[in-house]
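The next block holds one structure in the form of structure tokens; read it before the comments.
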Amino acid sequence: MSAYSQTTETLSQPPLGKLCVFHQRSDQSAKKIMLSNGFLLLQYNKRAKLLPMNADALILAADSALRTLFATPRAARPTPKPQTLLAPQGDGALAAPEARELTDAEKSLSASLMRVNHVGEVCAQALYTGQALASNNPALRAKLDAACREETDHLAWTHERLAQLNSRPSLLNPLWYAGAFAIGYGAGKLGGDKLSLGFVVETENQVEAHLASHMSHLPANDLASKAIVAQMKTDEVAHARMAQKAGAIELPEPVKRLMGAAAKVMTTVAHRI
Ligand SMILES: [Fe+2]
Ligand SMILES: [Fe+2]
Numbered sequence: 001m002s003a004y005s006q007t008t009e010t011l012s013q014p015p016l017g018k019l020c021v022f023h024q025r026s027d028q029s030a031k032k033i034m035l036s037n038g039f040l041l042l043q044y045n046k047r048a049k050l051l052p053m054n055a056d057a058l059i060l061a062a063d064s065a066l067r068t069l070f071a072t073p074r075a076a077r078p079t080p081k082p083q084t085l086l087a088p089q090g091d092g093a094l095a096a097p098e099a100r101e102l103t104d105a106e107k108s109l110s111a112s113l114m115r116v117n118h119v120g121e122v123c124a125q126a127l128y129t130g131q132a133l134a135s136n137n138p139a140l141r142a143k144l145d146a147a148c149r150e151e152t153d154h155l156a157w158t159h160e161r162l163a164q165l166n167s168r169p170s171l172l173n174p175l176w177y178a179g180a181f182a183i184g185y186g187a188g189k190l191g192g193d194k195l196s197l198g199f200v201v202e203t204e205n206q207v208e209a210h211l212a213s214h215m216s217h218l219p220a221n222d223l224a225s226k227a228i229v230a231q232m233k234t235d236e237v238a239h240a241r242m243a244q245k246a247g248a249i250e251l252p253e254p255v256k257r258l259m260g261a262a263a264k265v266m267t268t269v270a271h272r273i
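The numbers in the working numbering rise by one with no breaks, and the one at position 186 of the sequence shown is 186.
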């Protein structure tokens, strides 16, 4: 019998930042960007409210995309590890039960499922970056920023687990990123913050349900993947709650169904490619 929990190992704090992209940078370069005229212009330039996307936002969006898709992500929290409970052995002594090694077929299944989860995190980076760039509300940007720190952790954990399973991320990640960014930015610009938050709630709810199904589909002895998925699931629930409290409006049912259908296509394809 085992339970999953995060270790209490302390890592350095994530860099200062307002957008997801900063969480993937070194502290120094993040501070440099925060102090640059370009970022201040993005924050305070009123023209940004009128134009679809100004040059600064475009550069930040491109930077985020390149880092999410091609750089190795850095987690602020340690990778969740399975916590194995000690069980009494034949001689009465307590010892951790030995985990059976994954077979090739189990590794392949785990890799497919973790690839799907990694795609979800690529989309989360794109969605939150698009929404943060579209919003002019500093309080909302701070909330998106906090959630995005955790999404960067998820990205790093799933990336790391894929490598451990001798597998790779989806080849179509640029496509998934572009689609999610367009939804995040479009929802924020066209529908405003409350609609944008509505997308967060619905996305996180769907992701949480998806992760719950992965907990039962992952091989029983793949405790490492299950520990990661369990922590991600906890975080996604908190993100949905945050968006709800921040004033999200409920999306119309047809939009929810459309999002569900798009997610189905994405997960089916990412399972293989
Ligand atoms: Fe996530
Ligand atoms: Fe999330």
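Even glycine gets a Cβ: it sits at the ideal position worked out from N, Cα and C. For clarity, every value in this text was computed on a predicted model and none was experimentally measured.
Cut-off 6 Å between Cβ atoms - residues of its own chain near C123, not counting five sequence neighbours on either side: Leaving aside the five residues that flank C123 on each side, the residues in its chain whose CB is nearer than 6 Å to its CB run, in chain order, W176 and A180.
A146 CB to nearest heavy atom of ligand 1 below 7 Å: no
Simplified DSSP assignment, three categories, for Q89: coil
Euclidean distance between Cα positions of M242 and T203: One C-alpha to the other measures close to 13 Å.
D27 - DSSP class collapsed to helix/strand/coil: Reliability of the predicted coordinates at D27 is poor, the pLDDT of 47 falling under 50, and the value obtained from them is presented with this limitation in mind. DSSP places D27 in helix when its eight states are reduced to three.
Pair within 8 Å by beta-carbon distance, L195 and I249: In this structure, I249 lies closer than 8 Å to L195 by Cβ.
Beta-carbon proximity check, V200 vs H159, cutoff 8 Å: no
Alpha helix (DSSP H) runs wholly inside the segment 121–186, at least 4 long, in chain order: 138–164 and 173–186
H154: CB within 7 Å of a non-hydrogen atom of ligand 1: yes
M114 CB to nearest heavy atom of ligand 1 below 7 Å: No, since every heavy atom of ligand 1 falls outside the 7 Å radius drawn around the Cβ of M114.
CA-to-CA distance, L127 to A143, given in whole angstroms: In the sequence under discussion, the amino acid at residue 143 is Lys, which differs from the Ala named in the question. Their backbone Cα atoms lie some 14 Å apart in a straight line.
Residue(s) in a DSSP beta bridge with P219: Its beta-bridge partners do not exist; DSSP assigns none.
Inter-stretch contact (C-beta, 8 Å, three-pair minimum) for the segment 221–230 and the segment 153–169: yes
Cβ-heavy atom distance, E121 to ligand 1, below 7 Å: yes
E151 Cβ short of 7 Å to ligand 1 heavy atom set: yes
Three-state class that DSSP yields for Y82 in the structure shown: Checking the sequence shown, residue 82 turns out to be Pro, not Tyr. DSSP places P82 in strand when its eight states are reduced to three.
Endpoints, the alpha helix (DSSP H) within which R58 is located: Strictly speaking, residue 58 in this sequence is Leu, with Arg absent from that position. First-last of the alpha helix (DSSP H) with L58: A55 to F70.
For P252, three-class secondary structure by DSSP: coil
Segment contact, 8 Å Cβ cut-off, at least three pairs: the segment 182–195 with the segment 100–120: no
Straight-line gap, A209 to E253 (C-alpha atoms, nearest Å): 17 Å
Spatially closest choice to I273 from R115, A263, A55 and R74, by CA coordinates: Closest option to I273, Cα to Cα, is R115.
Residue from G188, G92 and A224 with nearest C-alpha to R141: Between R141 and the set G188, G92 and A224, the nearest pair of CA atoms involves G188.
Under the three-state DSSP convention, the category I273 falls into: coil
Alpha-carbon to alpha-carbon, A212 and N54: Going from the Cα of N54 to the Cα of A212 covers about 39 Å.
Residue burial classification, D153 (beta-carbon count within 10 angstroms, cutoff 16): buried
Contact belief for S110 with L165 at Cβ below 8 Å, rounded distance in angstroms: 6 Å
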